[in-house]
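In my numbering, the protein residues as written are 242 to 515.
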């Protein structure tokens, strides 16, 4: 599960709640235990507190969120994001994880989760390649994998664009894809008849570099509306079958749970597939 989808006042209670739902793997976000998603500094005592809570509850932290706006028009914002990314990277050994999750960002200066028409311009991709190259230097330094997620509002908004980026970096071993089936649908595409072809295309292009899978759903319609697994149109049995064909042996991180009261429904749905 993704830690931000359970809110608890202490680190101990957060991990106990996650374990109470039956989770054994977690994608961790520092905003769950402190004021910032991407802290400038992280006290060693906090890292030890997180690791101890994870070990005590039998939860493995498989990934840590390191998302920042990689194509922000202000270069200084990108530089600051890279500095904070290294802070996250430095923490991974203590937390026992090897994946940092990233999205590629938007030219929207107010909200990187809002699309901007300049995302598709060559300069945006040029900026992304520069930022990603520096992020890869950090990943190599700490022997980590950068898990990249396609996002309809971001510069990399499709499996095709992700494939081009991976090719540009020579399919670097420190670069992986986070396959979230719901994120593969751009506006106007979320139709039941499109589901299998969209998922198949993503696996054809990126199936050899999956580092993590996300279990999020999307509602049918012209707009993009995410929801919890089992409440939308994603064909999860087919998704799981494609993951197996791709020799993916990792976990699936439940995501898209906006209200904790839906957590049990999502967990029950996924358990029903196993």
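From the three backbone atoms N, C-alpha and C, an ideal C-beta is built for every residue, glycine too.
Query: As assigned by DSSP and simplified to three states, the class of residue 390; Result: strand
Query: DSSP three-state assignment for residue 444, whether helix, strand or coil; Result: helix
Query: Contiguous beta strand (DSSP E) assignments of at least 3 residues, all confined to the segment 283 to 318; Result: 301 to 306
Query: Integer-rounded CB distance, given that residue 252 should sit under 8 Å from residue 290; Result: 5 Å
Query: Within the segment 355 to 400, ranges of the beta strand (DSSP E) (whole runs, at least 3 residues); Result: 386 to 390
Query: Which residues DSSP lists as bridging residue 269, in chain order; Result: 305
Query: Residue from 446, 444, 466, 456 with nearest C-alpha to residue 430; Result: 466
Query: Residues sharing a beta bridge with residue 419, DSSP; Result: 390, 453
Query: Beta-bridge partners of residue 227, as assigned by DSSP; Result: A question about residue 227 goes unanswered here, because the residues of the chain that appear run from 242 up to 515.
Query: Collapsed DSSP secondary structure at residue 252 in the structure displayed; Result: helix
Query: Neighbourhood of residue 503 by C-beta, 7 Å cutoff - its chain only, sequence neighbours within 5 removed; Result: 469
Query: CB contact flag (residue 498, residue 266, <8 Å); Result: no
Query: Sufficient close CB pairs (3 or more, under 8 Å) joining the segment 311 to 320 to the segment 328 to 342; Result: no
Query: For residue 410, the nearest candidate out of 383, 341, 450, 500 (CA to CA); Result: 450
Query: Residue 280 versus residue 256: straight-line alpha-carbon distance, rounded; Result: 20 Å
Query: Inter-stretch contact at 8 Å, needing at least 3 Cβ pairs: the segment 409 to 423 / the segment 348 to 358; Result: no
Query: Straight-line Cα distance separating residue 297 from residue 390; Result: 30 Å
Query: Residue from 507, 364, 473, 511 with nearest C-alpha to residue 246; Result: 507
Query: Residue 489 beta carbon less than 8 Å from that of residue 532; Result: The first residue shown for the chain is 242 and the last is 515, placing residue 532 beyond what the model contains.
Query: Closest by C-alpha distance to residue 249, when choosing among 260, 464, 273, 269; Result: 273
Query: Three-state class that DSSP yields for residue 335 in the structure shown; Result: helix
Query: DSSP three-state assignment for residue 464, whether helix, strand or coil; Result: coil
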